[in-house]
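Per full-length UniProt numbering, the sequence shown starts with residue 1, numbered consecutively. Backbone N, C-alpha and C define an ideal beta-carbon position, used for all residues, glycine too.
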Amino acid sequence: MTRALAAKGLAVVVGDPEAGAGQRFATLTVTNTGAEPHVLTEDEAFTLEAADGTARPAAARYGDPQAPDVVLQPGASVAKELRWTAVTEADDPQSGFTPAQFTLVTGTDRQVVHGDWPLGPVPDGRIETGSYRPV
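This is the structure:
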């Protein structure tokens, strides 16, 4: 499990990965630790960065493209599933990409959250995300 903290009262936790048939899954949980409501939008950006600074825009959505914004009240949490491929092709130019950290840009105020990525390789450099759901 990895934790990250935004400056304006958002705590982000990426849970331990689960494996399944060439894929990996983890849960990204966002908690409002501030005193004011915070609006999360589904058009957020999720980027993976390697230790050498190489960055890859990683997020592709598979959740509801019409999902409404989520108003996160103080103390409340929401979560979404992250999933990625764990199998590489021999001719895949991005095989072996192992992120060291992630960056999440979220909310109507576009908060930037950084966190460590201890979940191993993401061979094609892409993470798919679902929609937020209450926790």
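Item, Value
"G125 vs A58 beta-carbon contact at 8 Å", "yes"
"Where R126 sits in the DSSP three-state scheme", "coil"
"Residue burial classification, G53 (beta-carbon count within 10 angstroms, cutoff 16)", "exposed"
"Nearest-angstrom Cα separation, counted from L28 out to E42", "13 Å"
"Completely contained beta strand (DSSP E) runs for the region 3 to 75, where each covers 3 or more residues", "10 to 14, 18 to 20, 23 to 32, 38 to 40, 45 to 50, 55 to 57, 59 to 61, 70 to 72"
"Opposing strand residues paired with D109 [DSSP bridges]", "Beta-bridge pairing links D109 to no other residue."
"CB of V30 within 8 Å of CB of L72, strictly", "yes"
"8 Å Cβ cutoff met for T108 and V39", "yes"
"Expected contact under 8 Å - CB spacing of A50 and F97 to nearest Å", "7 Å"
"Buried/exposed call for E44, threshold 16 Cβ in 10 Å", "buried"
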